[in-house]
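Here the protein sequences line up with chains A and B, keeping their order. All residue numbers for the first sequence refer to the numbering used here, where the first residue is 1 and numbers rise by one. All residue numbers for the second sequence refer to the numbering used here, where the first residue is 1 and numbers rise by one. One structure below.
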Amino acid sequence: MTSTTTAAPAPVAKPGRGAAGRPVRGVRRKWTEHGLVFVAPFLVVYALFLIWPLVSGLGMSLTSENITGSGGEFVGLDNYAEAVRDPDVWSSLWNTVWFTVLSTVPLVVVGLVLALLAHQLRVVQWLWRLSWFAPFLLPSGVVCLLFLNMILPSDFGLADQLLAAVGLTPEIGWLTDERYAMLSIVATTVWWTVGFNFLLYLAALQAIPAHLYEAAELDGAGAWKRLLHITLPMLRRTTGLVVVLQVLASLKIFDQVYIMTGGGPDESTRPILQYVYQQGFTGYRIGYASAVSYIFFALILTVSLVQPLLSRRRAEEAAK
Amino acid sequence: MSGSATVTTRPAQVSGRSVDAGGRRPRWTPGRIALLVVALLLTAAWLLPLAWAVATSLKPEGDTTRTPFSWTGSRVTFDAYSKVWESGDLMVWLMNSAYISVTTTLLTVVTCAMAAYGFTRTDFRGKRLLYGLVLAGIMVPPQVLIAPLFREMVQLGLVDTYWGVILPQVAVPAMVFILVKFFEGVPRELEEAAFVDGAGRWRVFWTIVIPLSRPVLAAVAIFTFISTWNNFLWPFLVTTDPGGMTLPVGLVNVQSTFGVRYAQIMASLVIAGLPLLIVFAFFQRQIVRGIAHTGLAGQ
């Protein structure tokens, strides 16, 4: 009876599409048969806490809102116009870029060197991983407070003590002298996060086929030649990845500066995220803070969009 | 143990630690010894700050600022630890961090795995569009959303709540991408056999796909846990009540009240740093593989 009448349209209905609750072959389809059921929980959270703030932030950047969301008037592009003329936006953007330049080079190079050492030695791997990677697992608060209390106190701080041990008493204001503050933050960051790049490189090194080295060895290539002509070329893809991940991570600097120098001395280390925080959360100008955020976002998008284009072109050139 | 059987059959694998892929034990040539010395020096440099923190935390408070510098105080004491412990804050923050990190990790793994399965194995209207939207989200760093996100939290009344810290960290598009790539490689035959036996999508997902994906799910879970545990900016913004702070935020917040009590600062840093280091000691292999996996897939 009913089973024969409903049996006809059943094959037409594609699996999971509009079939919820419709009898198929006499069996009621369960709600879980629909694909949206699987995607929905993620999409709800995603829409609420990523898409919506992304959209509402753009709206806010066109208003003069304060942090509680009241008193906002539509001001058009005024916030953007102000931001472009604001020397603090430019200086904090510059500090962000400068930190990224200063930190990316050692983080990639040291990460590679550490991985080459650990891979070449093939002994006590746990020791290399523990000492070079484990700091990455410490919260930024712990790392920054450790370095802050280790290098800041002059005379009895570890940095000054080590220099004193080799006969130097330079009286360096590690975090209070404009010449050294950013470098101290970079050094802290390298100690803390280089382990991540170290692991990525180590994984890549272990994936290089051993027969390449054996063939090279038979041809009489020494260790140095094998490094230059096999290892480094084989790591090119990984290096591209590590550089991009590192640049994107470094651009988002906030914790180290906020905890160690508060942006000082004389705002010489203040990154753009801290300026957003100051404008929005302590200055209550959340509309303006949003506009600055979007300028920063444009910078990050440019970096992440330019990289694939570059690597594609390199791949095409290699294919020729 | 079953391990003894493999010793005789596959010697190269068992002693694999010090044998290269070709099955030879590397010789200790002068060049290699030089590399070892360099590696040990770098290890010492990397361990120095940690060793200094531990050493300082074991000194009597009066000895911490003494010059000339020495690694030990006049005596070894756990005074700083008991002071930090008694103040109680650190334990509250540890519990908050643990609760927030575990909940975030569970929610992330479940929602991302379900979404990835939905995108790879089911069909519904608008799927391509929605997946495109998720992929585009990889480009959005959560840090640029702090201002609108905070206002949203004010409106939802989630400031100073666990959910206010947790929810914005749950939907990570990159994790969906990693899982989609993995699920695409899982042979469909395994699931189809179960469908023939009458299992529904839901059952197939939980009893076949999830157990099969344990390694990649572990990678996603580990990565999420580490980044949630260590996250500073968002919990720092959304919590103002010290009782609801996570460990990193609480520590930074209280730093000023320590004054110059270096032994106590270092003791609290040691306590705060230990949990993940202990986890690392036990799960080294999985963590290393997880980082390599999620990091490499992050492309």
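Note that the Cβ used here is the ideal one computed from N, Cα and C, for glycine as well. Every value quoted in this text rests on a predicted model; they were computed, and no experiment measured them.
Cβ of residue i within 9 Å of any chain B Cβ
i, result
"VAL84 of chain A", "no"
"TYR46 of chain A", "yes"
"ILE172 of chain A", "no"
"ALA203 of chain A", "yes"
"VAL142 of chain A", "yes"
"VAL108 of chain A", "no"
"MET234 of chain A", "no"
"GLU73 of chain A", "no"
"ILE230 of chain A", "no"
"PHE42 of chain A", "yes"
"ILE300 of chain A", "yes"
"LEU218 of chain A", "no"
"TYR277 of chain A", "yes"
"GLU65 of chain A", "yes"
"SER221 of chain A", "A small fix is needed here, since residue 221 of chain A is Ala in this sequence, not Ser. No, ALA221 of chain A lies away from the interface with chain B (no Cβ there is under 9 Å from its Cβ)."
"GLU316 of chain A", "no"
"LEU273 of chain A", "yes"
"GLY57 of chain A", "yes"
"GLY35 of chain A", "yes"
Buried versus exposed, by CB contacts within 10 Å (16 or more), residue i
i, result
"GLU65 of chain A", "buried"
"ILE278 of chain B", "exposed"
"HIS211 of chain A", "exposed"
"ASP160 of chain A", "buried"
"GLN274 of chain A", "buried"
"VAL101 of chain A", "exposed"
"GLY287 of chain A", "buried"
"ASP255 of chain A", "buried"
"TRP132 of chain A", "buried"
"THR240 of chain B", "exposed"
"GLY198 of chain B", "exposed"
"ALA221 of chain B", "buried"
"GLY62 of chain B", "exposed"
"GLY26 of chain A", "Residue placement at GLY26 of chain A is poorly supported in this model, since its pLDDT is 47, which falls under 50; the coordinates still yield a value, given next. Exposed: under 16 other Cβ atoms inside 10 Å."
"ARG85 of chain A", "exposed"
DSSP beta-bridge partners of residue i
i, result
"THR63 of chain A", "A:PHE74"
Proximity test, Cβ basis, 9 Å: residue i and chain A
i, result
"VAL288 of chain B", "yes"
"ILE210 of chain B", "no"
"TYR262 of chain B", "yes"
"LYS59 of chain B", "no"
"THR72 of chain B", "no"
"SER15 of chain B", "Low confidence applies here, because SER15 of chain B scores a pLDDT of 33, under 50, leaving its location unreliable and the question unanswered by this model."
"GLY243 of chain B", "no"
"ARG121 of chain B", "yes"
Nearest-angstrom Cα separation, counted from residue j out to residue i
i, j, result
"THR111 of chain B", "LEU36 of chain A", "12 Å"
"GLY195 of chain A", "ARG125 of chain B", "44 Å"
"THR224 of chain B", "PHE283 of chain B", "15 Å"
"ALA44 of chain B", "LEU114 of chain A", "13 Å"
"VAL140 of chain B", "ILE51 of chain A", "9 Å"
"ARG32 of chain B", "VAL166 of chain A", "28 Å"
"ASP160 of chain B", "MET153 of chain B", "9 Å"
"PHE78 of chain B", "ILE253 of chain A", "35 Å"
"GLY22 of chain B", "TRP224 of chain A", "Confidence at GLY22 of chain B is low in this model, with a pLDDT of 46, below 50, so its placement is unreliable and the value that follows should be read with caution. GLY22 of chain B and TRP224 of chain A: Cα-Cα distance of roughly 19 Å."
"SER82 of chain B", "ALA194 of chain B", "57 Å"
"PRO139 of chain A", "GLY220 of chain A", "48 Å"
"GLY21 of chain A", "PHE150 of chain B", "Legend: pLDDT at GLY21 of chain A = 43, less than 50; position of this residue unreliable, no value from coordinates given."
"ASP177 of chain A", "THR261 of chain A", "10 Å"
"ALA113 of chain B", "GLU184 of chain B", "13 Å"
"GLU214 of chain A", "ALA267 of chain B", "51 Å"
"ALA291 of chain A", "PHE281 of chain A", "14 Å"
"ALA181 of chain A", "THR269 of chain A", "7 Å"
"SER227 of chain B", "ILE259 of chain A", "18 Å"
"PRO30 of chain B", "GLY222 of chain A", "14 Å"
"PRO173 of chain B", "ALA219 of chain B", "15 Å"
"TRP229 of chain B", "LEU235 of chain A", "31 Å"
"GLY244 of chain B", "LEU158 of chain B", "12 Å"
"GLU217 of chain A", "HIS229 of chain A", "12 Å"
Heavy atom of the ligand PLP within 8 Å of residue i beta-carbon
i, result
"PHE49 of chain A", "You won't find the ligand PLP in this model; it holds no ligand whatsoever."
If the cut-off is 7 Å on Cβ atoms, which residues from the stretch 180-200 of chain B count as contacting chain A, listed in chain order? GLY200
Taking Cβ-Cβ distances below 8 Å as the criterion, which residues of the stretch 182-194 of chain A are in contact with chain B? TRP191
Closer than 8 Å, Cβ to Cβ, to anything on chain A: give me those residues from the stretch 149-168 of chain B, in chain order. LEU149, PHE150, ARG151, GLU152, VAL154, GLN155, LEU167 and PRO168
Return the residues of the stretch 85-119 of chain B that lie within a Cβ-Cβ distance of less than 7 Å from chain A, sorted by chain order. THR111, CYS112, MET114, ALA115, TYR117, GLY118 and PHE119
According to a CB-to-CB cut-off of less than 8 Å, which residues of the stretch 116-129 of chain A neighbour chain B? LEU117, ALA118, GLN120, LEU121, ARG122, VAL123, GLN125, TRP126, LEU127, TRP128 and ARG129
For the stretch 223-239 of chain B, enumerate the residues whose C-beta is nearer than 7 Å to any C-beta of chain A, in chain order. ILE226, TRP229, ASN230, PHE232, LEU233 and LEU237
Residues of the stretch 247-261 of chain A in Cβ contact with chain B at a cutoff of 9 Å, in chain order, please. LEU248, LEU251, LYS252, PHE254, ASP255, TYR258 and ILE259
When you check each C-beta in the stretch 285-297 of chain A against every C-beta of chain B, which residues fall closer than 8 Å? ILE286, ALA289, SER290, SER293, TYR294, PHE296 and PHE297
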